[in-house]
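Numbers in the working numbering are just positions in the sequence shown, counted from 1, shifted up by 9.
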Amino acid sequence: MTKGMIPVAAPLAQYRAHADAVQAAILRVLESGQYILGDEVAALERAFAAYCGGDHAVGVGSGTDALVLALKALGIGAGDEVITVSHTAVATVAAILAAGATPVLVDVDETYMTLDPGTIDGAVTSRTKAVIAVHLYGQAADLDAIMAAARRHGLRVIEDCAQAAGGGYRGRRLGSIGDVGCFSFYPTKNLGAIGDGGLVLTSDAGLAERVRRLRQYGWDDKREASEPGISSRLDSLQAAILQSKLPYLDADNARRRAVARRYDLGLAGLPLTIPKVRAATDHAYHLYVVTCAARDGLSAHLAAHMVGCAIHYRLPVHRQHAYAERAIAPPSGLPVTDYVCRRILSLPMYPELSDAEVDRVIAAVRSYFEATNRPMP
């Protein structure tokens with residue numbers, strides 16, 4: 010990394026912030042001799058379920074695997090359809106295909122960039138079995154409306170919480186509201202491992218037990234398989250690291266919100282749109298994403314001023330050949346998705362950002378518009 014650069018994400022800074030606790034957890038596992046599943050994973054599962062207000066949690070190998078296993082445990086596979094958005098990490102759609110089902114892609118709303126509940130009724134067919142609601146960037150999807158639509162059609166609801174650990178909706182933790190919540194512990198996430206990991210959360214005991222079987226070849230306690238499964242086991246080292254960091258998640262998310270407020274104030278009045286927060290929700294601010302007609306010019310300007318930025322996501326899933334030919338999208342297209350993907354830009358966001366660094370990002374953004382004298386779009 011270039012000296013003096015403010016990165017868009019900083020997993021090393023996260024490690025350093027919790028280094029003593031992380032190192033103690035690593036040493037504990039190394040001395041235990043138990044490195045896959047086992048007591049550390051069970052302890053994380055209990056702690057995370059309690060934190061989220063769910064009854065059961067099952068640690069798995071990645072956030073993508075969490076989605077695949079949730080779908081399989083719900084009995085969703087070949088011949089079935091699953092409704093979700095195109096404006097998401099491609100993992101959401103890849104997981105539907107990995108489970109053997111067909112993704113049906115719908116549009117997002119322009120304000121919050123999450124699944125537009127008004128698109129669900131028109132996307133349902135006799136083959137539709139579930140909706141995956143993505144809490145994109147840490148912003149809660151409109152769960153009341155999504156759940157109501159799902160109930161009308163007898164569909165299951167999976168919450169994709171990969172970017173929303175610790176976020177809330179009407180006083181409840183995200184992941185505990187739908188039938189299943191799926192989490193990623195990729196190193197840049199709000200609760201990040203030092204490696205990969207994921208988790209399935211549910212209050213359905215039978216569903217949790219099936220995920221436990223499926224994550225390890227379909228085995229039961231006697232290592233006998235009643236159905237085929239996969240190998241997706243959370244390792245003890247990552248579980249212990251995550252346990253060590255979980256007590257800090259709320260404080261870290263509070264700092265993310267403080268950074269977001271500082272951005273909100275510092276960027277006010279510029280020709281860009283700052284993130285809006287859905288009423289009665291707690292935004293986890295995994296990312297701070299602005300929209301701007303001059304996105305590419307601003308991005309180049311920030312790079313020249315040693316400020317990292319990124320685009321999440323430049324190419325929506327329905328524009329990616331490998332997935333477009335395997336998914337169903339409306340004949341009229343996804344106009345809001347296409348529109349926002351031409352304008353979005355992620356600014357640096359992580360709890361270790363200092364106020365001085367946030368102010369430096371703000372100054373760099375403001376200097377671009379001051380230099381170009383760009384009007385409001």
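Every residue gets a Cβ at the ideal spot worked out from N, C-alpha and C, and that includes glycine. Please read all numbers here as calculations on a predicted model, not as lab measurements.
- Message: With H, G and I counted as helix, E and B as strand and the rest as coil, what does DSSP make of HIS314?
- Response: Locating residue 314 in the sequence shown gives position 305, counting from the first residue. Three-state DSSP puts HIS314 in coil, outside helix and strand.
- CB-CB under 6 Å to ALA26, same chain, minus the five flanking residues each way: which ones, in chain order? The count along the sequence shown starts at 1 and reaches residue 26 at position 17. Cβ within range, chain order: GLU361.
- Task: Spatial neighbours of MET156 within its chain, please: CB distance less than 8 Å, with the 5 preceding and 5 following residues excluded, ordered by chain position.
- Result: Position 147 of the sequence shown holds residue 156. These residues qualify, in order along the chain: VAL166, ILE186 and GLY187.
- Message: Can you tell me whether ARG179 is buried or exposed? The criterion is at least 16 other CB atoms within 10 Å of its CB, across all chains shown.
- Response: Position 170 of the sequence shown, counting from 1, holds the residue named residue 179. Its Cβ having fewer than 16 others within 10 Å, ARG179 is exposed.
- Message: Here's the rule: buried if 16 or more other CB atoms are within 10 angstroms of the residue's CB, otherwise exposed. What is LYS81?
- Response: Walking along the sequence shown from the start, residue 81 turns up at place 72. It is buried - the Cβ of LYS81 has at least 16 other Cβ atoms within 10 Å.
- Message: Using the Cβ count rule (16 or more neighbours within 10 Å means buried), how would you classify ASP205?
- Response: Numbered from its first residue, the sequence shown carries residue 205 at position 196. ASP205 should be labelled buried.
- Determine the burial state of HIS327: buried for a count of at least 16 other Cβ atoms within 10 Å of its Cβ, exposed for fewer. Residue 327 sits at position 318 when you count from the first residue of the sequence shown. Buried, since its Cβ has 16 or more Cβ neighbours within 10 Å.
- Message: What does the alpha-carbon distance come out to for the pair MET385 and ALA173?
- Response: The residue you call residue 385 lines up with position 376 of the sequence shown. The residue you call residue 173 lines up with position 164 of the sequence shown. Because the pLDDT at MET385 is just 43, under 50, the model does not fix this residue reliably, and the value given afterwards should be weighed accordingly. Taking the straight line joining both Cα atoms gives about 31 Å.
- Message: Please tell me whether GLY227 and ALA234 are closer than 8 Å, where the distance is taken between their beta carbons.
- Response: Stepping through the sequence shown from its first residue, residue 227 is reached at position 218. Stepping through the sequence shown from its first residue, residue 234 is reached at position 225. In this structure, ALA234 lies closer than 8 Å to GLY227 by Cβ.
- Rounded to whole angstroms, what's the CA-CA distance from ALA66 to VAL133? Just pull it up for me. Translated into positions along the sequence shown, residue 66 becomes position 57. Translated into positions along the sequence shown, residue 133 becomes position 124. C-alpha separation (whole angstroms): 30 Å.
- For ALA19, which beta-bridge partners are listed by DSSP? Locating residue 19 in the sequence shown gives position 10, counting from the first residue. None, per the DSSP bridge assignment.
- Message: So the candidates are ARG375, PHE194 and ASP116; which of them puts its Cα closest to the Cα of GLY278?
- Response: As a first step, residue 278 is located in the sequence shown; it is residue number 269 there, counting from the start. The residue with the shortest Cα to Cα distance from GLY278 is ARG375.
- Task: Using 10 angstroms around the beta-carbon of HIS330, count the other beta-carbons present and answer buried if the total reaches 16, otherwise exposed.
- Result: In the sequence shown, counting from the first residue as 1, residue 330 sits at position 321. Exposed.
- What is the DSSP secondary structure of ASP230, counted as helix, strand or coil? Your numbering for residue 230 matches position 221 in the sequence shown. Three-state DSSP puts ASP230 in coil, outside helix and strand.
- Report yes if the C-beta of TYR322 is less than 7 Å from at least one heavy atom of the ligand GDP; otherwise report no. The ligand GDP is not part of the structure shown, which contains no ligands of any sort.
- Query: Taking DSSP as the reference, what is the three-state secondary structure of ALA174?
  - Reply: As a position in the sequence shown, residue 174 is number 165, starting the count at 1. Here ALA174 sits in coil by DSSP.
- Task: Could you check how far apart the C-beta atoms of GLY147 and PRO20 are, in whole angstroms? I think they sit under 8 Å.
- Result: Locating residue 147 in the sequence shown gives position 138, where the first residue counts as 1. Locating residue 20 in the sequence shown gives position 11, where the first residue counts as 1. That belief does not hold up - the Cβ atoms of GLY147 and PRO20 are roughly 16 Å apart, past 8 Å.
- Task: Have a look at TYR24 and SER355 and give me their C-alpha separation to the nearest angstrom.
- Result: For the purposes of this step, residue 24 is identified with residue 15 of the sequence shown, where counting begins at 1. For the purposes of this step, residue 355 is identified with residue 346 of the sequence shown, where counting begins at 1. Taking the straight line from one Cα to the other gives about 22 Å.
- Query: Straight-line CA distance for ALA159 to GLU119?
  - Reply: Counting from one through the sequence shown, the residue named residue 159 turns up at place 150. Counting from one through the sequence shown, the residue named residue 119 turns up at place 110. The alpha-carbon atoms of ALA159 and GLU119 are separated by roughly 22 Å.
- Query: If you draw a straight line from the alpha carbon of VAL189 to that of VAL209, how long is it in whole angstroms?
  - Reply: Looking up residue 189 in the sequence shown gives position 180. Looking up residue 209 in the sequence shown gives position 200. Going from the Cα of VAL189 to the Cα of VAL209 covers about 7 Å.
- At which residue ranges does the region 136-171 contain complete alpha helix (DSSP H) runs of 4 or more residues, listed in the order of the chain? 152-162
- Item | Supposed close pair ILE15, VAL268 - CB separation, criterion 8 Å | To locate residue 15, count along the sequence shown from 1; it is residue 6. To locate residue 268, count along the sequence shown from 1; it is residue 259. Their Cβ separation, rounded to whole angstroms, is 12 Å, which puts ILE15 and VAL268 out of contact at 8 Å.
- Kindly indicate which three-state DSSP category PRO112 falls into: helix, strand or coil? As a working mapping, residue 112 is identified with position 103 in the sequence shown. Correct three-state label for PRO112: strand.
- Roughly how many angstroms separate the alpha carbons of LEU302 and ARG352, rounded to a whole number? The sequence position of residue 302 within the sequence shown is 293, counting from 1. The sequence position of residue 352 within the sequence shown is 343, counting from 1. Reading off the sequence, residue 302 comes out as Ala, not Leu. Straight-line Cα distance between these residues: approximately 6 Å.
- Query: Where does the unbroken beta strand (DSSP E) through ALA66 begin, and where does it stop?
  - Reply: Within the sequence shown, numbered from 1, the residue matching residue 66 stands at position 57. Start and end: 65-69.
- Message: With a threshold of 6 Å on Cβ separation, who are the neighbours of ASP64 within its own chain once the five nearest residues in sequence on each side are excluded?
- Response: Counted from its first residue, the sequence shown places residue 64 at position 55. Same-chain partners within the cutoff: SER212.
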